[in-house]
Each structure stands twice: as structure tokens, then as C-alpha cells.
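Okay, structure first, notes after.
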Amino acid sequence: MIKFFDSYEVETLKKLITSKEQYLQKTTGNTYQIIQRELLFLKNCLLPIVQNNTSVIHSEIVKYVIRAFDKALEFRCNGIFIYIPINENYTERPLIGIANSRSGLEFGELGAMQLFAEIINEDGNEAKVQPINLPLDELL
Numbered sequence: 029m030i031k032f033f034d035s036y037e038v039e040t041l042k043k044l045i046t047s048k049e050q051y052l053q054k055t056t057g058n059t060y061q062i063i064q065r066e067l068l069f070l071k072n073c074l075l076p077i078v079q080n081n082t083s084v085i086h087s088e089i090v091k092y093v094i095r096a097f098d099k100a101l102e103f104r105c106n107g108i109f110i111y112i113p114i115n116e117n118y119t120e121r122p123l124i125g126i127a128n129s130r131s132g133l134e135f136g137e138l139g140a141m142q143l144f145a146e147i148i149n150e151d152g153n154e155a156k157v158q159p160i161n162l163p164l165d166e167l168l
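Numbering (our numbering), first residue to last: 29 to 168.
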């Protein structure tokens, strides 16, 4: 099994975010809003920068996604569907996460999009792939 490790800086920042999330559940009023703002900043602004600058794997993924995004723009695409293998050594039911920034929009809203995929495993071991939607918009 392949193990991926974050840098010390990323791990420390993730622990800080986790502790602030736990504290957020216990607070109310103005303090809640302040902590929530801090969490949004840490998760959406600071963590990606730290990951990009300290983790080779994260940096390579960012480069790959940017190349795919640029190519999609070149072909005038309205969206992009990217598969990035994380661990190819599986035996049972591999999970493939689906990241969809529009999954929270209600049916009928402008830009609402649900993704459903039929994933066909062609590596010969006939393991049935299970797609799952990733909950990325926890605080938004």
C-alpha cells in the first residue's frame, strides 16, 4: 500500500484547523463568526498555499490540474472531469471520490450540476468501482 505523508507544516496546520473546528462547535454568537472566519481563511487560503509549497505530491497534482484546465479552456469546455489515481494497488471495491463544486445547488438553480459516473474497470481484476461524492463545502 502506498502511503502519502504531508509535510510537518501541513500536519501542524491541519491539527490547528481540527482544534478550531472542535472549538467552533462549542461557541455561539460573535465568537462563532470570528472562529468560522478564521477557519475559512485557514482552509481556503492558507492551507492550499502551504500544501503547494511544502508537498511535492500536492504540487504535482496542482500542475496536472492546471494543464488539464488550460486544455479544457483551449477546447472551450464548460467543465472538466479529471481522474487522478491515488493508489492503484486495490483488491476489493476501490472508491473514487467525486469533487463537484456545484453539488450543493438545488435542482433548477442556475449552474446546478450533479455528477453520476459509470466507471468501468479495465485492469483485468474486475473490481467494481464505487464513486462517492466528497463533502468539500463544509463551511461554505
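We put the CB at the ideal spot given by N, CA and C, even for glycine.
Keep in mind it's a predicted model, so treat the numbers as computed, not measured.
- Per DSSP, the beta bridge partners of Gly125 are Ile160.
- When the five nearest sequence neighbours on each side are left out, the beta carbons in the same chain lying within less than 6 Å of the beta carbon of Ile126 are those of Leu143, Pro159, Asn161, in order along the chain.
- The residues Val93, Ala96, in chain order, have a CB closer than 7 Å to that of Ile110 in the same chain once the five nearest residues on each side in sequence are set aside.
- For Pro113, the three-state secondary structure derived from DSSP is coil.
- Its Cα nearest to that of Leu44, the residue Leu68 stands out among Glu102, Phe135, Leu68, Pro122.
- Bounds of the alpha helix (DSSP H) holding Gly57 are 57 to 69.
- Judged by DSSP in its simplified three-state form, Ala140 adopts coil rather than helix or strand.
- Judged by DSSP secondary structure, Glu39 falls within the alpha helix (DSSP H) whose first and last residues are 36 to 54.
- Under the three-state reduction of DSSP output, Leu133 falls in the coil class, being neither helix nor strand.
- With a contact defined as Cβ atoms closer than 8 Å, Lys48 and Ile63 qualify at about 6 Å.
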